[in-house]
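Asker: The structure under discussion is supplied below as structure tokens; questions concerning it will follow.
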Amino acid sequence: MLNDPLSGPRNDAAPASSGPKVVALGGGHGLYASLSALRTVTDDLSAVVTVADDGGSSGRLRRELGVLPPGDLRMALAALCGDDEWGRTWSEVVQHRFRSEGDLHGHAVGNLLIVALWELLEDPVVGLEWVGRLLGAHGRVLPMASVPLDIQAEVELDGAVTTVRGQVACALTPGRVRSISLLPPDPPACPQAIEAIEAADWVVFGPGSWFTSVLPHLKVPELARALHESAARRLLILNLAPQAGETDGFSPERHLEVLREHAPALLLDAVVADRAVVGDARALEKAAGAMGARVVLADVAASDGSARHDGPRLAAVLAEIFRAKR
Numbered sequence: 024m025l026n027d028p029l030s031g032p033r034n035d036a037a038p039a040s041s042g043p044k045v046v047a048l049g050g051g052h053g054l055y056a057s058l059s060a061l062r063t064v065t066d067d068l069s070a071v072v073t074v075a076d077d078g079g080s081s082g083r084l085r086r087e088l089g090v091l092p093p094g095d096l097r098m099a100l101a102a103l104c105g106d107d108e109w110g111r112t113w114s115e116v117v118q119h120r121f122r123s124e125g126d127l128h129g130h131a132v133g134n135l136l137i138v139a140l141w142e143l144l145e146d147p148v149v150g151l152e153w154v155g156r157l158l159g160a161h162g163r164v165l166p167m168a169s170v171p172l173d174i175q176a177e178v179e180l181d182g183a184v185t186t187v188r189g190q191v192a193c194a195l196t197p198g199r200v201r202s203i204s205l206l207p208p209d210p211p212a213c214p215q216a217i218e219a220i221e222a223a224d225w226v227v228f229g230p231g232s233w234f235t236s237v238l239p240h241l242k243v244p245e246l247a248r249a250l251h252e253s254a255a256r257r258l259l260i261l262n263l264a265p266q267a268g269e270t271d272g273f274s275p276e277r278h279l280e281v282l283r284e285h286a287p288a289l290l291l292d293a294v295v296a297d298r299a300v301v302g303d304a305r306a307l308e309k310a311a312g313a314m315g316a317r318v319v320l321a322d323v324a325a326s327d328g329s330a331r332h333d334g335p336r337l338a339a340v341l342a343e344i345f346r347a348k349r
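When we follow the working numbering, the leftmost residue of the sequence shown carries the number 24, and every step to the right adds one.
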């Protein structure tokens, strides 16, 4: 019987190096980037993942079965896979998408695996633990809320303000997103996510889609309270470029200003930014200082010129910050 992932199948993944207790928040490709770096820095890592996706495979499973959207959770698990043959193989398997003319087209294998375990176990957290054990994941993946969420955004376009509902609609809106809220407005937070934040040494925000992956964590009341009250130090990793349709025209400092508008009392300890994308260092330092943080400028972008963080470079910077060397 499936009940305890610790009594499940063994794997021989090598343990990561020791390090602080770290909780990483986000979703999608941004969280994938931070987890890929963090898993090499600490062996005590938890990911708290947004559950508001309503598009693609996740949206279809959510609408058909009433489950949490599994896609961002799947990506987080894939990021935590090891670099050995076992980890690389399973990372590819869970990320693989079917291509067909039928109903399976576009579904990710990992999404189906996660939802199958949820149906068998009737517990999203235990199901994710089982998948993590199968993958040899170097860390734990948790949903930020216990129910599926919808993002609602106030959008300004041509001088008029309208309301847009849904993560996909918010991400693709041609207007300027002014603020977001969640539906339901007071969802139950995942208890294990609260516990992880309360016990953390460091909480890491970003990078990622600002309005649909980073800010939603601060709109779940129980989660926001834990993030404000935790004794953990807080670190923010800034994006390498504005995101079309969501943060067009945003400077690095504007990302911080928007974060502060959504969580005025939240304090940070450090803000990591790639030195090549910071046009006005003083403006960024001022915005970071308003939240209590210092700015760490470093070369963390991939060398191919894409707006993608380089895992080893980012890991090296994070390790130095955690060891109080930067």
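From the three backbone atoms N, C-alpha and C, an ideal C-beta is built for every residue, glycine too.
#1: Using alpha carbons as the reference points, say which of ARG199, ILE203 and ILE260 lies closest to GLY189.
#2: Is the CB-CB distance between ALA330 and ALA264 below 8 Å?
#3: Identify whether PHE228 lies in helix, strand or coil by the three-state DSSP scheme.
#4: Could you tell me whether the Cβ atoms of TRP233 and VAL45 are closer together than 8 Å?
#5: Check whether the segment 155–173 and the segment 238–248 touch, using three or more Cβ-Cβ pairs below 8 Å as the test.
#6: Considering just the uninterrupted stretch of the alpha helix (DSSP H) at ASP200, what are its terminal residues?
#7: Out of curiosity, what's the CA-to-CA distance linking ALA342 and PRO207?
#8: Go ahead and pull the three-state DSSP assignment for GLU269.
#9: Return the chain-ordered ranges of every alpha helix (DSSP H) run that is complete within the segment 255–328 and spans a minimum of 4 residues.
#10: Determine, using beta carbons only, whether ARG257 and GLY162 come nearer to each other than 8 Å.
#11: Identify the residues that DSSP records as bridge partners of GLN175: which are they?
#12: Could you tell me whether the segment 177–189 touches the segment 131–148, using the rule of 3 or more Cβ pairs below 8 Å?
#13: Is LEU158 buried or exposed, if buried means 16 or more other CB atoms sit within 10 Å of its CB?
#14: According to DSSP, is SER59 part of a helix, a strand, or is it coil?
#15: Is GLU221 near the ligand NAD, in the sense that its beta carbon is under 7 Å from a heavy atom of that ligand?
#16: Buried or exposed: where does PRO210 fall if 16 or more other Cβ atoms within 10 Å of its Cβ makes it buried?
#17: Need the endpoints of the beta strand (DSSP E) that ASP126 sits in, please.
#18: Which residue comes first and which comes last in the alpha helix (DSSP H) that contains ARG163?
#19: State the CB to CB distance for the pair VAL323 and HIS332, rounded to an integer number of angstroms; the pair is presumed to be in contact (CB under 8 Å).
#20: Out of curiosity, what's the CA-to-CA distance linking LEU151 and ASP303?
#21: Run the CB neighbour count on ARG97, radius 10 Å, all protein chains shown included, and call it buried at 16 or more, exposed below.
#22: Which of the three DSSP states is assigned to ALA70 in this structure?
#23: So if DSSP puts LYS44 in a beta bridge, which residue, or which two residues, is it bridged to?
#24: For GLY133, name the three-state secondary structure that DSSP assigns.
Answerer: Working from what's here:
#1: Mapped onto the sequence shown, residue 189 falls at position 166. It is ILE203 whose Cα lies nearest to the Cα of GLY189.
#2: Stepping through the sequence shown from its first residue, residue 330 is reached at position 307. Stepping through the sequence shown from its first residue, residue 264 is reached at position 241. It is a contact, given that the beta carbons lie within the stated cut-off.
#3: Working through the sequence shown from its first residue, we reach residue 228 at position 205. Here PHE228 sits in strand by DSSP.
#4: Walking along the sequence shown from the start, residue 233 turns up at place 210. Walking along the sequence shown from the start, residue 45 turns up at place 22. In this structure, VAL45 does not lie closer than 8 Å to TRP233 by Cβ.
#5: yes
#6: In the sequence shown, the residue the question calls residue 200 occupies position 177. Contrary to the premise, residue 200 reads as Val rather than Asp in this sequence. For VAL200, there is no enclosing alpha helix (DSSP H); the enclosing beta strand (DSSP E) covers residues 199–206.
#7: Taking the first residue of the sequence shown as position 1, residue 342 is located at position 319. Taking the first residue of the sequence shown as position 1, residue 207 is located at position 184. Using only the alpha carbons, I get a separation of about 38 Å.
#8: Your numbering for residue 269 matches position 246 in the sequence shown. Residue state, collapsed to three classes: coil.
#9: 275–285 and 304–312
#10: Taking the sequence shown and counting its residues from 1, the one referred to as residue 257 is at position 234. Taking the sequence shown and counting its residues from 1, the one referred to as residue 162 is at position 139. No, the pair does not count as a contact, with Cβ atoms beyond the cut-off.
#11: Mapped onto the sequence shown, residue 175 falls at position 152. In DSSP, GLN175 forms a bridge with ARG188 and SER204.
#12: Too few Cβ pairs lie closer than 8 Å, so no.
#13: Residue numbering aside, residue 158 sits at position 135 when the sequence shown is read from its first letter. With 16 or more Cβ atoms within 10 Å of its Cβ, LEU158 is classed as buried.
#14: In the sequence shown, residue 59 corresponds to position 36, counting from 1. Three-state DSSP puts SER59 in a helix.
#15: In the structure on display, the ligand NAD does not appear, and there are no ligands present to speak of.
#16: Counting from 1 along the sequence shown, the entry for residue 210 is found at position 187. It is buried - the Cβ of PRO210 has at least 16 other Cβ atoms within 10 Å.
#17: On the sequence shown, position 103 is the one that residue 126 refers to. No beta strand (DSSP E) holds ASP126; DSSP gives it neither H nor E.
#18: Here residue 163 refers to the residue found at position 140 when the sequence shown is read from its first residue. Segment 163–166 is the beta strand (DSSP E) holding ARG163; no alpha helix (DSSP H) there.
#19: Taking the first residue of the sequence shown as 1, we reach residue 323 at position 300. Taking the first residue of the sequence shown as 1, we reach residue 332 at position 309. Between HIS332 and VAL323 the Cβ distance is about 5 Å, and since that is below 8 Å, they are a contact.
#20: Numbered from 1 along the sequence shown, position 128 holds the residue referred to as residue 151. Numbered from 1 along the sequence shown, position 280 holds the residue referred to as residue 303. Their backbone Cα atoms lie some 42 Å apart in a straight line.
#21: The residue given as residue 97 occupies position 74 in the sequence shown. Result: buried.
#22: Here residue 70 refers to the residue found at position 47 when the sequence shown is read from its first residue. Residue state for ALA70 is assigned as strand, using DSSP reduced to three classes.
#23: In the sequence shown, the residue the question calls residue 44 occupies position 21. Bridge partners of LYS44: ASP67.
#24: The residue given as residue 133 occupies position 110 in the sequence shown. Helix at GLY133.
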